[in-house]
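Inspection log for the structure reproduced underneath, given as C-alpha coordinates.
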Amino acid sequence: MADAPDDSELQLRKFQKELSAGTVSLALLAVLGSAAEPMYGYQIAKRLESLDGVLSGKQSALYPVLRNLSAAGQLDSHVEPSVAGPPRRYYRITEAGRITLQQWTAAWRATRDSVDAVLEGIRE
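The numbering of the sequence shown is my numbering, which starts it at 16 and goes up by one.
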(Lines of atoms letter the chains of each structure in order from A and count residues from 1; the text may use other names and numbers.)
(Lines give C-alpha, C1' and ligand atoms only; values in the text may rest on other atoms or scores of the structure.)
Protein backbone atom coordinates (compact mmCIF):
# COMPACT_ATOMS: atom_id res chain seq x y z
CA MET A 1 0.00 0.00 0.00
CA ALA A 2 1.32 3.44 -0.90
CA ASP A 3 2.00 5.92 1.84
CA ALA A 4 -0.66 8.55 2.35
CA PRO A 5 0.42 12.03 1.28
CA ASP A 6 1.82 14.05 4.17
CA ASP A 7 0.47 17.43 5.18
CA SER A 8 3.05 19.37 3.15
CA GLU A 9 2.07 17.46 -0.02
CA LEU A 10 -1.61 18.16 0.63
CA GLN A 11 -0.87 21.85 1.20
CA LEU A 12 1.12 21.99 -2.03
CA ARG A 13 -1.72 20.37 -3.99
CA LYS A 14 -4.21 22.82 -2.48
CA PHE A 15 -1.95 25.76 -3.36
CA GLN A 16 -1.48 24.49 -6.93
CA LYS A 17 -5.24 24.03 -7.31
CA GLU A 18 -5.87 27.59 -6.11
CA LEU A 19 -3.25 28.99 -8.49
CA SER A 20 -4.65 26.96 -11.37
CA ALA A 21 -8.19 28.18 -10.77
CA GLY A 22 -7.14 31.75 -11.46
CA THR A 23 -4.75 31.14 -14.31
CA VAL A 24 -6.60 28.69 -16.58
CA SER A 25 -9.04 31.38 -17.75
CA LEU A 26 -6.20 33.77 -18.54
CA ALA A 27 -4.19 31.08 -20.35
CA LEU A 28 -7.27 29.96 -22.29
CA LEU A 29 -8.03 33.52 -23.44
CA ALA A 30 -4.37 33.94 -24.43
CA VAL A 31 -4.40 30.74 -26.51
CA LEU A 32 -7.59 31.78 -28.31
CA GLY A 33 -6.36 35.37 -28.60
CA SER A 34 -3.32 34.18 -30.56
CA ALA A 35 -5.15 31.57 -32.66
CA ALA A 36 -5.64 32.30 -36.34
CA GLU A 37 -8.75 30.11 -36.51
CA PRO A 38 -11.42 28.95 -34.03
CA MET A 39 -10.30 25.96 -31.95
CA TYR A 40 -12.20 23.08 -30.38
CA GLY A 41 -11.76 21.96 -26.78
CA TYR A 42 -9.27 19.16 -27.37
CA GLN A 43 -7.04 21.44 -29.47
CA ILE A 44 -7.09 24.07 -26.74
CA ALA A 45 -6.31 21.45 -24.08
CA LYS A 46 -3.35 20.12 -26.06
CA ARG A 47 -1.99 23.63 -26.57
CA LEU A 48 -2.30 24.37 -22.84
CA GLU A 49 -0.73 21.03 -21.88
CA SER A 50 2.23 21.82 -24.13
CA LEU A 51 2.80 24.85 -21.90
CA ASP A 52 3.87 22.55 -19.07
CA GLY A 53 1.60 22.62 -16.08
CA VAL A 54 -1.18 25.00 -17.08
CA LEU A 55 -3.78 22.24 -17.07
CA SER A 56 -1.82 19.69 -15.03
CA GLY A 57 -3.33 16.85 -17.08
CA LYS A 58 -6.92 17.75 -16.17
CA GLN A 59 -8.57 18.39 -19.52
CA SER A 60 -12.02 18.09 -17.95
CA ALA A 61 -11.30 21.31 -16.00
CA LEU A 62 -11.17 23.19 -19.30
CA TYR A 63 -14.79 22.69 -20.36
CA PRO A 64 -16.48 24.49 -17.44
CA VAL A 65 -14.09 27.42 -17.99
CA LEU A 66 -14.97 27.51 -21.69
CA ARG A 67 -18.68 27.53 -20.81
CA ASN A 68 -18.22 30.29 -18.21
CA LEU A 69 -16.20 32.48 -20.58
CA SER A 70 -18.80 31.93 -23.32
CA ALA A 71 -21.66 32.82 -20.96
CA ALA A 72 -19.80 36.00 -20.00
CA GLY A 73 -19.46 37.03 -23.67
CA GLN A 74 -15.68 36.52 -23.77
CA LEU A 75 -15.95 33.72 -26.35
CA ASP A 76 -18.20 32.83 -29.27
CA SER A 77 -18.76 29.21 -30.17
CA HIS A 78 -20.37 27.11 -32.86
CA VAL A 79 -20.78 23.38 -33.45
CA GLU A 80 -19.53 21.61 -36.57
CA PRO A 81 -19.99 17.97 -37.53
CA SER A 82 -16.89 15.80 -37.28
CA VAL A 83 -15.95 13.05 -39.74
CA ALA A 84 -14.58 10.98 -36.86
CA GLY A 85 -16.61 11.11 -33.67
CA PRO A 86 -19.20 13.47 -32.27
CA PRO A 87 -19.71 17.07 -33.43
CA ARG A 88 -17.10 19.55 -32.20
CA ARG A 89 -17.73 22.90 -30.55
CA TYR A 90 -15.31 25.53 -31.85
CA TYR A 91 -14.44 28.63 -29.83
CA ARG A 92 -13.06 32.03 -30.78
CA ILE A 93 -12.33 35.06 -28.65
CA THR A 94 -14.71 38.02 -28.93
CA GLU A 95 -13.76 41.70 -28.89
CA ALA A 96 -14.91 41.81 -25.25
CA GLY A 97 -12.66 38.80 -24.63
CA ARG A 98 -9.68 40.64 -26.13
CA ILE A 99 -10.28 43.59 -23.80
CA THR A 100 -10.57 41.21 -20.85
CA LEU A 101 -7.38 39.47 -21.95
CA GLN A 102 -5.51 42.80 -21.92
CA GLN A 103 -6.86 43.69 -18.47
CA TRP A 104 -6.16 40.25 -16.99
CA THR A 105 -2.68 40.20 -18.53
CA ALA A 106 -1.85 43.52 -16.88
CA ALA A 107 -3.25 42.28 -13.55
CA TRP A 108 -1.29 39.01 -13.85
CA ARG A 109 1.98 40.82 -14.60
CA ALA A 110 1.49 43.25 -11.71
CA THR A 111 0.74 40.36 -9.34
CA ARG A 112 3.65 38.30 -10.65
CA ASP A 113 6.04 41.22 -10.28
CA SER A 114 4.84 41.93 -6.74
CA VAL A 115 5.19 38.31 -5.66
CA ASP A 116 8.59 38.02 -7.36
CA ALA A 117 9.77 41.12 -5.49
CA VAL A 118 8.73 39.59 -2.18
CA LEU A 119 10.28 36.21 -3.04
CA GLU A 120 13.63 37.69 -4.09
CA GLY A 121 14.82 37.73 -0.50
CA ILE A 122 14.06 34.05 0.09
CA ARG A 123 16.82 31.51 -0.34
CA GLU A 124 15.92 28.17 -1.88
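Heads up, the beta-carbon is just placed ideally off N, CA and C, and yes, glycines get one too.
Here the region 112 to 126 lies against the region 81 to 93, with 3 or more beta-carbon pairs under 8 Å apart. For residue 22, the enclosing alpha helix (DSSP H) begins and ends at 22 to 49. The three-state secondary structure of residue 59, taken from DSSP, is helix. Inclusion of residue 123 and residue 34 in the CB contact set at 8 Å is not warranted, their separation being larger than that value. Shown here, residue 64 sits in a helix according to DSSP, grouped into three states.
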